[in-house]
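A.B. asks:
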DNA sequence: TGCCAGGCCGGGT
DNA sequence: ACCCGGCATGGC
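Numbering (our numbering), first residue to last: 552 to 775.
(1) Enumerate, from N- to C-terminal direction, the unbroken alpha helix (DSSP H) stretches of 4 or more residues contained entirely within the region 578 to 639.
(2) May I ask you to verify whether the region 687 to 698 touches the region 734 to 742, counting CB pairs closer than 8 Å and requiring at least 3?
(3) Going by beta carbon distance, what residues of the same chain come within less than 7 Å of residue 614, once the five residues before and after it are set aside?
(4) Tell me, please, whether the region 746 to 766 touches the region 592 to 606 by the rule of three or more beta-carbon pairs shorter than 8 Å.
(5) Roughly how many whole angstroms lie between the Cα atoms of residue 699 and residue 722?
(6) Tell me which same chain residues have a C-beta within less than 6 Å of the C-beta of residue 677, skipping the five on either side of it?
(7) What would DSSP say about residue 696, mapped onto helix, strand or coil?
(8) Count the other CB atoms within 10 Å of the CB of residue 610; is the residue buried (16 or more) or exposed (fewer)?
(9) Is the CB-CB distance between residue 755 and residue 690 below 7 Å?
(10) Is it right to say residue 749 is buried, meaning 16 or more other beta carbons lie within 10 angstroms of its own, or is it exposed?
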């Protein structure tokens, strides 16, 4: 019954936090900006997203109604630096339609539902997948859902904490069952996974200087 | 120069 | 169920 839970993820969190310090994610001045950024950053570097957000901010469009009223062609031009600008304009408008037409443009209204309901609502939007939905819920809504990304997957799998074949849901369950259900912790931890991933998982996988190197299984990182 | 980045969708087998 | 291509810009 009281099954013993190994504290590996908690230990990894401590190490990453010690090494990298608080990440203060998500960059953005308002929850709405965070929400927009979550769509724009899909498979894209944050640097490019910043340009797009700057354009929107300079145009005074970082508000639900203002952005939703903008013609799609103009939206496309403004977010162009973020890449995939035609798809993303469509995806943003799909999201804005739900936000504006179902919740009167109020993020608070959208996030005051049960987490499961809010998540389902986001996932039903064309162009919003699990990672984008969770990023919006956690970073814009402060709701406790863990954001899984490719770095998270690699780190956990290479340490043997989960199989490489694990899908998004399995990873999320595995992580959430081992950590206290705490939005601030999830927030920091996801950002730390990205930090360690960028530095150590890109070219040289989990090299000796990786703060998690000592937690690797005997024989080193597992291969895919 | 080529490859990649904080995904997601649709079509083919 | 699986695999794969499309989507696009900017940085290294």
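Every residue gets a Cβ at the ideal spot worked out from N, C-alpha and C, and that includes glycine.
Only a predicted model underlies this, so the values are computations on that prediction, with no experimental measurement involved.
C.D. replies: A quick look at the data gives this:
(1) Entirely contained in the region 578 to 639, the alpha helix (DSSP H) runs reaching 4 residues are, in chain order, 582 to 591, 597 to 609, 615 to 620, 623 to 630.
(2) Touching, yes.
(3) For the purposes of this step, residue 614 is taken as the residue at position 63 of the first chain. Cβ within range, chain order: 583.
(4) For the pair of segments examined, the region 746 to 766 was found not to touch the region 592 to 606: the number of CB pairs separated by less than 8 Å stays below three.
(5) Here residue 699 is taken as the residue at index 148 of the first chain, counted from 1. Here residue 722 is taken as the residue at index 171 of the first chain, counted from 1. For residue 699 and residue 722, the distance between alpha carbons rounds to 7 Å.
(6) By one-based count along the first chain, residue 677 stands at place 126. Apart from sequence neighbours up to five positions away, the residues of its chain that approach residue 677 with a beta-carbon distance below 6 Å are 645, ordered along the chain.
(7) The residue labelled residue 696 in the question sits at position 145 within the first chain. If DSSP states are grouped into helix, strand and coil, residue 696 belongs with coil.
(8) One-based indexing of the first chain puts residue 610 at position 59. Only exposed fits residue 610, as fewer than 16 other CB atoms lie within 10 angstroms of its CB.
(9) Translated into positions along the first chain, residue 755 becomes position 204. Translated into positions along the first chain, residue 690 becomes position 139. Pairing residue 755 with residue 690 gives a Cβ-Cβ distance that is not under 7 Å.
(10) On the first chain, position 198 is the one that residue 749 refers to. Residue 749 comes out exposed.
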